[in-house]
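Trainee: Could you have a look at this structure, given as structure tokens, before my questions?
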Amino acid sequence: MNVNVQDKLFLDRFKVDEVSHLRIIDNKKCIKECKDQACLYLCPANVYRVEKDYIAVNYEGCLECGSCRIGCAKLNIEWRFPKGGYGVSHKFG
Amino acid sequence: MKEIFDVAIVGAGPAGISAAYVLAGAGKKVIVLERGEHPGSKSVSGGVLYGHDLARIIPDYFDKGCPIERNIVESRIWYLSKEAGLSLGYRDRIFDSERRYNAFTISRSKFDRWYADQARRKGALIVPSTVVTDLLRNGNGAVTGVVTQREDGEVRARVTLLADGINSPLAARAGFRPEPKPEQVALAVKEVINLPPEVINERFAISEGEGITIEILGKVTEGMDGVAFIYTNHSSISLGIGGNLADFATLKLKPYELIENFKQHPMVAPLISGGKSMEYIAHWLAEGGYDAVPKLCGDGYLIVGDSAMLFNTLHREGNNLAMASGKMAAEAILEAFKSGDFSENGLGGYRERLDASFVMQDLKKYRRLGSFLYNRKEVFTQLPELVSFGAREIITVNGVTKKAKERVILDKIRQVMSIPGLIRLMWQAWRATR
Numbered sequence: 368m369n370v371n372v373q374d375k376l377f378l379d380r381f382k383v384d385e386v387s388h389l390r391i392i393d394n395k396k397c398i399k400e401c402k403d404q405a406c407l408y409l410c411p412a413n414v415y416r417v418e419k420d421y422i423a424v425n426y427e428g429c430l431e432c433g434s435c436r437i438g439c440a441k442l443n444i445e446w447r448f449p450k451g452g453y454g455v456s457h458k459f460g
Numbered sequence: 002m003k004e005i006f007d008v009a010i011v012g013a014g015p016a017g018i019s020a021a022y023v024l025a026g027a028g029k030k031v032i033v034l035e036r037g038e039h040p041g042s043k044s045v046s047g048g049v050l051y052g053h054d055l056a057r058i059i060p061d062y063f064d065k066g067c068p069i070e071r072n073i074v075e076s077r078i079w080y081l082s083k084e085a086g087l088s089l090g091y092r093d094r095i096f097d098s099e100r101r102y103n104a105f106t107i108s109r110s111k112f113d114r115w116y117a118d119q120a121r122r123k124g125a126l127i128v129p130s131t132v133v134t135d136l137l138r139n140g141n142g143a144v145t146g147v148v149t150q151r152e153d154g155e156v157r158a159r160v161t162l163l164a165d166g167i168n169s170p171l172a173a174r175a176g177f178r179p180e181p182k183p184e185q186v187a188l189a190v191k192e193v194i195n196l197p198p199e200v201i202n203e204r205f206a207i208s209e210g211e212g213i214t215i216e217i218l219g220k221v222t223e224g225m226d227g228v229a230f231i232y233t234n235h236s237s238i239s240l241g242i243g244g245n246l247a248d249f250a251t252l253k254l255k256p257y258e259l260i261e262n263f264k265q266h267p268m269v270a271p272l273i274s275g276g277k278s279m280e281y282i283a284h285w286l287a288e289g290g291y292d293a294v295p296k297l298c299g300d301g302y303l304i305v306g307d308s309a310m311l312f313n314t315l316h317r318e319g320n321n322l323a324m325a326s327g328k329m330a331a332e333a334i335l336e337a338f339k340s341g342d343f344s345e346n347g348l349g350g351y352r353e354r355l356d357a358s359f360v361m362q363d364l365k366k367y368r369r370l371g372s373f374l375y376n377r378k379e380v381f382t383q384l385p386e387l388v389s390f391g392a393r394e395i396i397t398v399n400g401v402t403k404k405a406k407e408r409v410i411l412d413k414i415r416q417v418m419s420i421p422g423l424i425r426l427m428w429q430a431w432r433a434t435r
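Residue numbers (the working numbering), protein chains in the order written: chain A, 368 to 460; chain D, 2 to 435.
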């Protein structure tokens with residue numbers, strides 16, 4: 368099934384910071400050394416997408432679960448919480 | 002901040018607020034730091050709360066305006082194959098009378114906000130929009146407060162309580178708890194689907210204010226060790242599904258596809274038909290059980306709730322364990338203030354209380370369950386299909402004798418797994434919960 372996660376993320380309220388709270392430490396590692404690229408599958412917000420020779424980080428829709436941080440086989444993601452009050456804000460929770 | 006607080010609490014969820022309420026009520030100077038714009042704005046749970054541990058902290062929570070969605074009068078369990086499923090339910094009027102609010106559904110965004118307000122009224126200082134990035138320590142390594150992202154953001158306190166939830170880079174950085182391994186957490190996604198209250202009442206055969214819960218196992222997690230759930234709120238349905246994070250990676254499943262497939266299952270689709278999704282959120286569940294619980298306190302600090310991996314997967318108990326542990330931590334902290342000893346030893350009353358309580362006793366009882374489910378994937382693949390096959394054969398009346406039907410079912414089981422294999426599986430399942 369082809370599901371557009373954007374449609375789901377549109378339901379949520381985000382206060383987006385100008386600076387990303389997620390950073391790939393060494394992009395070469397993702398392309399050259401990481402076979403599985405688990406970040407492309409397990410992220411519930413599809414934050415990570417393959418571009419030509421790197422993985423783009425669309426931090427704006429991050430749901431702050433932390434899965435990419437511990438699921439990355441190379442532990443190649445620097446992960447912080449968004450600045451206080453920023454990021455996703457649950458209406459219902 | 003120049004002043005020294007008695008207790009600094011990281012996180013305004015059920016664990017942190019329970020502690021704050023008890024401590025502030027006893028006259029302690031308490032500060033609670035919350036990274037969301039208000040308490041609850043970052044919180045996620047399935048949405049069922051057991052009333053018992055809340056009542057031990059605020060006995061008259063209902064009169065104090067606790068935002069309750071629906072009182073749970075029926076609990077169902079579903080075991081689903083791809084296109085069908087077995088349902089088992091228990092409804093009892095006692096849950097509408099003497100045992101009212103044994104369990105009820107909540108919106109965490111509303112509940113956590115209300116709960117934090119109760120602690121504020123007791124005198125706790127709740128500071129939202131503030132991320133704690135590090136801990137302060139003295140020369141001996143004892144924790145003496147926290148560092149926040151704000152300017153001049155150091156907060157000094159005699160005791161620091163970590164109640165920041167399962168996703169805690171802080172606990173990992175401080176060395177209090179290693180980062181969870183992927184197989185120690187489940188990743189769950191949840192949608193809240195709006196429906197008029199009358200429609201919910203009709204579809205679930207309940208009256209105004211009554212609610213039901215459905216816990217779901219089987220093929221819906223597409224081979225992963227995982228669970229799904231459907232809970233009724235006042236005018237919405239909480240629907241979620243999750244699986245072991247390691248399984249997500251191995252099977253290359255996408256969480257948003259998983260939940261979309263789940264919504265289309267023939268037993269699920271009619272319940273949410275016509276509803277409009279209003280939110281999509283994600284969170285971890287602690288799957289590590291008893292063996293993943295870290296050291297619970299040290300010099301100047303304690304760790305409670307989800308931060309301490311206190312979660313009972315089988316009984317979906319998390320919020321109440323958070324509340325119970327928060328209360329016990331607060332009681333131990335009050336003892337420490339009496340003795341003036343804030344060392345690991347002085348705070349040790351927390352560990353003793355927790356060990357003696359249902360929290361650790363239950364986690365110990367189920368300590369083998371996590372690895373059983375993770376290693377016996379048949380529970381999520383062949384077994385639900387076999388159960389559906391058997392039920393379908395027994396229920397169909399078509400002139401075939403019952404004896405012949407039994408043979409067909411046994412043959413079908415043998416095609417998939419040996420009979421001793423099936424017995425072994427049952428035995429292991431039983432052992433895992435003993």
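Backbone N, C-alpha and C fix where the C-beta goes; we use that ideal spot for every residue, glycine too.
On a predicted model such as this, the values are computed, not experimentally measured, just so you know.
Just to confirm, is the Cβ distance from A/G428 to A/L376 under 8 Å?
Mentor: Contact flag set, yes.
Trainee: For the stretch 154-168 of chain D, enumerate the residues whose C-beta is nearer than 7 Å to any C-beta of chain A, in chain order.
Mentor: The stretch 154-168 of chain D vs chain A, Cβ under 7 Å: N168.
Trainee: When the Cα atoms are used, what is the spatial distance from A/C397 to D/S76?
Mentor: When rounded, the distance between both Cα atoms is 45 Å.
Trainee: Taking D/F1 as the reference, give the member of D/T134, D/E155, D/H53, D/W79 with the closest Cα.
Mentor: Residue 1 of chain D lies beyond the range of chain D shown here (2 to 435); nothing can be said about it.
Trainee: Taking only the alpha-carbon atoms, compute the straight-line gap between D/N72 and D/S236 and give it to the nearest angstrom.
Mentor: Straight-line Cα distance between these residues: approximately 13 Å.
Trainee: Just to make sure I have the definition right: I need the residues of chain A whose C-beta is within less than 7 Å of the C-beta of D/K253. Which are they?
Mentor: Here the neighbours are Y408.
Trainee: For the alpha helix (DSSP H) that A/S434 lies in, which residues bound it at each end?
Mentor: Looking at the DSSP string, the run of the alpha helix (DSSP H) that includes A/S434 is 434-438.
Trainee: Just verifying my parser: in three-state terms, what is the DSSP assignment at D/F6?
Mentor: Of the three classes helix, strand and coil, the one that applies to D/F6 here is strand, per DSSP.
Trainee: With a 10 Å radius around its C-beta and 16 neighbouring C-beta atoms as the bar for buried, classify A/L442 as buried or exposed.
Mentor: Classification for A/L442: exposed.
Trainee: By Cβ distance below 6 Å, which residues in the same chain neighbour D/V23 in space, the five residues on each side in sequence not counted?
Mentor: Excluding positions up to five away in sequence, the list reads K328, A331.
Trainee: What span of residues does the alpha helix (DSSP H) with D/N321 cover, start to end?
Mentor: D/N321 -> alpha helix (DSSP H) spans 320-340.
Trainee: Please state the DSSP three-state secondary structure of D/N376.
Mentor: Helix.
Trainee: I'd like to confirm the pairing. Which residues does DSSP put opposite D/D118 in its beta bridges?
Mentor: Its beta-bridge partners do not exist; DSSP assigns none.
Trainee: With a threshold of 6 Å on Cβ separation, who are the neighbours of D/F96 within its own chain once the five nearest residues in sequence on each side are excluded?
Mentor: Taken in chain order, the residues that qualify are V74, N103.
Trainee: So which residues of chain D does A/I437 contact, with C-beta pairs closer than 8 Å?
Mentor: Those within 8 Å of A/I437 in chain D are E180, P181, K182, P183, V186, L246.
Trainee: Rounded to a whole number of angstroms, what is the C-alpha to C-alpha distance between D/G166 and D/Y62?
Mentor: So the alpha carbons of these two residues sit roughly 23 Å apart.
Trainee: Skipping 5 residues on each side, what residues in its chain have a beta carbon closer than 7 Å to that of D/S274?
Mentor: If we look at D/S274 and ignore the five residues flanking it on each side, it has no Cβ neighbours.
Trainee: CA-CA distance, D/L411 and D/G400?
Mentor: C-alpha separation (whole angstroms): 19 Å.
Trainee: Using a beta-carbon distance cut-off of less than 7 Å, what residues from the stretch 375-397 of chain A approach chain D?
Mentor: Answer set for the stretch 375-397 of chain A: K375, L376, L378, D379.
Trainee: In the DSSP assignment, find the alpha helix (DSSP H) that holds D/R350 and state where it starts and stops.
Mentor: Per the sequence presented here, residue 350 of chain D reads as Gly, with Arg not at that position. Where D/G350 is concerned, the enclosing alpha helix (DSSP H) stretches over 350-357.
Trainee: In the DSSP assignment, the alpha helix (DSSP H) including D/N72 goes from what residue to what residue?
Mentor: Run containing D/N72: none in the alpha helix (DSSP H); it sits in the beta strand (DSSP E), 72-81.
Trainee: Could you round the C-beta distance between D/I32 and D/V128 to whole angstroms and report it? I think they count as a contact, below 8 Å.
Mentor: With 8 Å as the limit, D/I32 and D/V128 qualify as a contact, their Cβ atoms being about 6 Å apart.
Trainee: What residue from D/E211, D/P181, D/E199, D/G26 has the CA that sits closest to D/G124's CA?
Mentor: The residue with the shortest Cα to Cα distance from D/G124 is D/G26.
Trainee: Our contact map puts D/V160 next to D/L34 with C-beta atoms below 8 Å; I'd like the distance itself, whole angstroms only.
Mentor: At roughly 14 Å, the Cβ-Cβ gap does not stay under 8 Å, so D/V160 and D/L34 are not in contact.
Trainee: Based on the DSSP secondary-structure assignment, which residues constitute the bridge partners of A/I444?
Mentor: Looking at the DSSP assignment, A/I444 forms a beta bridge with A/I391.
Trainee: For the stretch 307-324 of chain D, list every residue whose C-beta sits within 9 Å of some C-beta in chain A, in sequence order.
Mentor: Residues: none.
Trainee: Is there a Cβ from chain D that is less than 8 Å from the Cβ of A/V414?
Mentor: No, A/V414 does not count as interfacial toward chain D.
Trainee: List, in order along the chain, the chain C residues whose C-beta lies closer than 9 Å to that of D/R408?
Mentor: The displayed structure is made up of protein chains A and D, and chain C is not among them.
Trainee: Using beta-carbon positions only, say whether D/E386 and D/S82 come within less than 8 Å of one another.
Mentor: Contact: yes.
Trainee: So does the stretch 170-178 of chain D actually touch the stretch 304-324 of chain D, counting three or more Cβ pairs closer than 8 Å?
Mentor: Yes, the stretch 170-178 of chain D is in contact with the stretch 304-324 of chain D.
Trainee: Alpha carbon to alpha carbon, what distance is there between D/E318 and D/L286?
Mentor: Rounded to whole angstroms, D/L286 to D/E318 spans 11 Å at the Cα level.
Trainee: List the whole-angstrom C-beta distance separating A/L409 from D/A250, where the pair is believed to meet the contact cut-off of C-beta under 8 Å.
Mentor: The pair is a contact, with the Cβ atoms about 6 Å apart (cut-off 8 Å).
Trainee: Where D/S344 and D/G299 are concerned, what is the direct C-alpha to C-alpha distance, given to the nearest angstrom?
Mentor: Near 6 Å, if we compare the C-alpha coordinates of D/G299 and D/S344.
Trainee: Sort D/K253, D/V45, D/A20, D/I424 by Cα distance to A/D403 and report the nearest one.
Mentor: Of the candidates D/K253, D/V45, D/A20, D/I424, the one whose C-alpha sits nearest the C-alpha of A/D403 is D/K253.
Trainee: When you compare each of D/E407, D/F6, D/L355 to D/E155 by their alpha carbons, which one comes out closest?
Mentor: Closest by alpha carbon: D/F6.
Trainee: A/I437: which of D/G212, D/G12, D/G290, D/N245 sits nearest, CA to CA?
Mentor: A/I437 has its Cα closest to that of D/N245, out of D/G212, D/G12, D/G290, D/N245.
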